[in-house]
Amino acid sequence: MDYKDYYATLGLTSAATPEEVRRSYRKLARRYHPDVSREPEAEARFKEMAEAYEVLKDEDKRAAYDQLGQELARRRAAGASAGAGPGWDTGFEFHGAGDGADTGGAHSDFFNGLFGAARRSRSASVRWRGEDHHARVEVDLQELYQGGSRSLTLRAPVMGADGRLTLAERQLDVQIPKGMLPGQHLRLAGQGAPGGGGGPPGDLYLAVELKPHPRYRLSGRDVFFDLLVEPWEAALGAEVRTPTPVGTVELKVPRGSGQGRKLRLAGRGLPGSPPGDLYAVLNLVLPPADTPATEQAWRTFAQAFGGFEARPSTER
Amino acid sequence: MPTDQIPEPLILEQDVWLSLTELYAACDGESVAIDLLIDEGVLVPNGAAPEAWHFSGASLARARTAMRLMRDLEVNGPGVALALQLLDEIAALRAQLDSTD
Numbered sequence: 000m001d002y003k004d005y006y007a008t009l010g011l012t013s014a015a016t017p018e019e020v021r022r023s024y025r026k027l028a029r030r031y032h033p034d035v036s037r038e039p040e041a042e043a044r045f046k047e048m049a050e051a052y053e054v055l056k057d058e059d060k061r062a063a064y065d066q067l068g069q070e071l072a073r074r075r076a077a078g079a080s081a082g083a084g085p086g087w088d089t090g091f092e093f094h095g096a097g098d099g100a101d102t103g104g105a106h107s108d109f110f111n112g113l114f115g116a117a118r119r120s121r122s123a124s125v126r127w128r129g130e131d132h133h134a135r136v137e138v139d140l141q142e143l144y145q146g147g148s149r150s151l152t153l154r155a156p157v158m159g160a161d162g163r164l165t166l167a168e169r170q171l172d173v174q175i176p177k178g179m180l181p182g183q184h185l186r187l188a189g190q191g192a193p194g195g196g197g198g199p200p201g202d203l204y205l206a207v208e209l210k211p212h213p214r215y216r217l218s219g220r221d222v223f224f225d226l227l228v229e230p231w232e233a234a235l236g237a238e239v240r241t242p243t244p245v246g247t248v249e250l251k252v253p254r255g256s257g258q259g260r261k262l263r264l265a266g267r268g269l270p271g272s273p274p275g276d277l278y279a280v281l282n283l284v285l286p287p288a289d290t291p292a293t294e295q296a297w298r299t300f301a302q303a304f305g306g307f308e309a310r311p312s313t314e315r
Numbered sequence: 000m001p002t003d004q005i006p007e008p009l010i011l012e013q014d015v016w017l018s019l020t021e022l023y024a025a026c027d028g029e030s031v032a033i034d035l036l037i038d039e040g041v042l043v044p045n046g047a048a049p050e051a052w053h054f055s056g057a058s059l060a061r062a063r064t065a066m067r068l069m070r071d072l073e074v075n076g077p078g079v080a081l082a083l084q085l086l087d088e089i090a091a092l093r094a095q096l097d098s099t100d
């Protein structure tokens with residue numbers, strides 16, 4: 000078990016005042032909170048930060064942590080290894096409030112080793128509902144169109160008879176229904192933590208996210224993709240075959256189409272009531288003037304349209 | 000490791016409706032925080048009186064986001080209401096960007 004440098008996590012020295020601790024946490028929390036952050040690994044980093052703050056903001060916990068840090072420094076100076084050992088049991092036991100189901104319920108092993116696992120204190124005669132659990136699932140576009148299934152391996156902390164927290168694993172087969180939107184949640188009743196005193200189990204919430212697709216993008220239930228066309232196809236009109244999430248289709252490009260024109264395939268977006276639409280966004284690709292022949296072809300083309308001007312004469 | 004087959008799950012935002020009591024229970028019993036969010040207009044109940052109130056599943060998702068922000072970023076009621084409003088706006092702008100690329 001490795002020592003966790005909570006001061007470094009918050010960008011502080013061990014001499015930081017309580018105000019500096021709070022200020023640093025708040026600034027970093029705004030940046031890395033998973034609900035507002037676009038940083039990669041935001042969730043993992045935020046968990047580290049939150050645990051560091053939980054220890055450093057509390058006078059007693061910080062004192063215990065600092066004591067450990069000093070003990071380790073002493074040992075290192077005396078040439079001993081700085082690994083985990085029975086000497087880490089400082090005898091502090093903290094019965095914290097709930098263990099934060101949203102963050103996966105877990106403090107790090109380092110935290111639990113130092114402070115003992117946080118326990119809910121409940122009287123034996125009370126019936127209580129188990130905690131809800133939360134997990135995330137990434138699906139691809141076809142699974143949003145057709146539904147899908149997933150076999151999930153869930154890990155949840157479970158209090159053993161000996162009072163130690165262990166991680167129990169179980170597997171769950173979940174059907175992902177048609178018609179979901181990314182960002183929505185599935186609720187699996189009763190699949191959360193077991194209750195106590197005969198109380199009901201909590202629920203399992205699965206947040207469904209879409210794996211980014213190289214070709215298709217979503218806006219609500221509407222699906223968009225770029226359709227590359229040659230300039231003469233746009234100018235003269237054309238029948239174009241193109242793959243779509245619902246199979247290959249023949250699209251009619253209307254005569255005189257411009258760059259960015261959207262061709263709508265009604266009802267071919269994500270299922271729902273009403274279903275979304277599928278849009279092909281025209282992307283004109285100009286052939287390059289990269290040989291004498293192609294350069295001449297462009298000049299001939301320009302001459303054929305002698306009077307044509309893209310910009311008004313006032314801007315020339 | 001046992002494999003469980005379970006009945007078809009419900010889509011929270013489409014299929015689930017909760018009474019006020021059910022909403023409290025689904026939010027770890029944090030009735031004070033939920034009442035605050037209703038006061039701030041972050042959660043909007045359907046129905047006339049608290050006994051008849053029902054909330055969409057989308058409200059539950061929103062309530063949990065709000066409570067996470069209040070707990071983790073130490074934000075108060077008006078602050079979290081503003082934060083959620085701005086997050087909605089950002090999401091709408093991103094969706095617009097995505098559709099035009």
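In order, the protein sequences belong to chains A and B.
Everything in the first sequence is counted per numbering that gives the first Met the number 0, starting at 0 for the first residue and increasing by one.
Everything in the second sequence is counted per numbering that gives the first Met the number 0, starting at 0 for the first residue and increasing by one.
Note that the Cβ used here is the ideal one computed from N, Cα and C, for glycine as well.
Identify, in the order they occur along the chain, each residue of the same chain with its Cβ nearer than 6 Å to the Cβ of leucine 17 of chain B, setting aside the five sequence neighbours on each side. Phe54
At a Cβ threshold of 9 Å, is glycine 266 of chain A touching chain B? no
Neighbour flag for valine 228 of chain A against chain B, beta carbons, 9 Å: no
Nearest residue (CA-CA) to glycine 28 of chain B, options A/Gly129, A/Ala76, A/Tyr24: A/Gly129
Under a Cβ-count criterion, where at least 16 other Cβ atoms within 10 Å of its own Cβ denotes burial, should lysine 60 of chain A be classed as buried or exposed? buried
Can you list, in chain order, the residues of its chain whose CB lies under 6 Å from that of valine 222 of chain A, leaving out five sequence neighbours each side? Tyr215, Gly268, Leu277
Consider the Cβ of threonine 64 of chain B: report whether some Cβ of chain A lies at a distance smaller than 9 Å. yes
In terms of residue numbering, what span does the beta strand (DSSP E) encompassing tryptophan 16 of chain B cover? 16 to 18
Inter-residue spacing [alpha-carbon to alpha-carbon] between glycine 86 of chain A and phenylalanine 45 of chain A: Confidence is the limiting factor: at glycine 86 of chain A the pLDDT is only 44, short of 50, which leaves the residue's position unreliable, though a coordinate-based value still follows. Those two C-alpha atoms are separated by around 29 Å.
Is the stretch 202 to 210 of chain A close to the stretch 138 to 150 of chain A, with three or more CB pairs under 8 Å? yes
With 16 as the cutoff for other CB atoms within 10 Å, does aspartate 289 of chain A come out buried or exposed? exposed
Terminal residues of the continuous beta strand (DSSP E) containing threonine 243 of chain A? 237 to 243
I'd like the list of long-range same chain contacts for glycine 197 of chain A, defined as Cβ closer than 6 Å, with 5 residues on each side in sequence excluded. Arg126
Quick one: Cα of glutamate 88 of chain B to Cα of valine 54 of chain A, how far? 35 Å
For the alpha helix (DSSP H) that contains serine 36 of chain A, what are its first and last residues? Taken as a continuous stretch (DSSP letters only), serine 36 of chain A belongs to no alpha helix (DSSP H), as it is neither H nor E.
Under 9 Å between C-beta atoms of glutamate 50 of chain A and serine 107 of chain A: yes
Helix, strand or coil: which one does DSSP assign to tryptophan 52 of chain B? coil
Does arginine 220 of chain A come within less than 9 Å of chain B when only Cβ atoms are used? no
Glutamine 183 of chain A touches chain B at which residues, Cβ-Cβ below 9 Å? Ile10, Leu11, Glu12, Gln13, Gly56, Ala57, Ala60
Could you have a look at glutamate 58 of chain A and say whether DSSP puts it in helix, strand or coil? helix
Proximal residues to glycine 147 of chain A (C-beta, below 7 Å), its chain only, five neighbours per side dropped: Val138, Ile175
Excluding the 5 residues preceding and the 5 following threonine 102 of chain A in the sequence, name in chain order all residues of the same chain whose CB lies nearer than 6 Å to its CB. Because the pLDDT at threonine 102 of chain A is just 34, under 50, the model does not fix this residue reliably, and the value given afterwards should be weighed accordingly. Correct list, in chain order: Lys46.
For chain B, is any of its Cβ atoms less than 9 Å away from the one on histidine 32 of chain A? yes
Grab the span of the alpha helix (DSSP H) containing aspartate 108 of chain A for me, first residue to last. 108 to 114
Please decide whether serine 120 of chain A counts as near chain B, where near means a Cβ-Cβ distance under 9 Å. Note that serine 120 of chain A scores a pLDDT of 48, beneath 50, so its modelled location is shaky; the value from the coordinates is reported in the next line. It does not: the Cβ of serine 120 of chain A has no partner Cβ on chain B nearer than 9 Å.
Among A/Gly78, A/Glu238, A/Gln190, which residue has its Cα nearest to the Cα of glutamine 170 of chain A? A/Gln190
Chain-ordered chain B contacts of arginine 126 of chain A [CB-CB under 9 Å]: Simply none; closest approach about 12 Å.
Taking the CB atoms as reference points, tell me whether glycine 68 of chain A and serine 23 of chain A lie closer together than 9 Å. no
By DSSP, does phenylalanine 307 of chain A sit in helix, in strand, or in coil? coil
Note the first and the last residue of the continuous alpha helix (DSSP H) segment covering aspartate 289 of chain A. Element bounds for aspartate 289 of chain A: n/a, residue is neither H nor E.
What's the C-alpha gap between methionine 48 of chain A and aspartate 97 of chain B? 32 Å
With 16 other CB atoms within 10 Å as the buried threshold, where does leucine 101 of chain B fall? This structure does not reach residue 101 of chain B, given that chain B is present from 0 up to 100, and the question cannot be answered.
Hey, does aspartate 87 of chain B have any beta-carbon neighbour from chain A nearer than 9 Å? no
Note down the Cα distance separating proline 49 of chain B from glycine 40 of chain B, rounded to an integer number of angstroms. 15 Å
Three CB pairs or more closer than 8 Å across the stretch 279 to 286 of chain A and the stretch 254 to 269 of chain A: yes
With a cut-off of 9 Å, does the C-beta of aspartate 97 of chain B fall near any C-beta of chain A? yes
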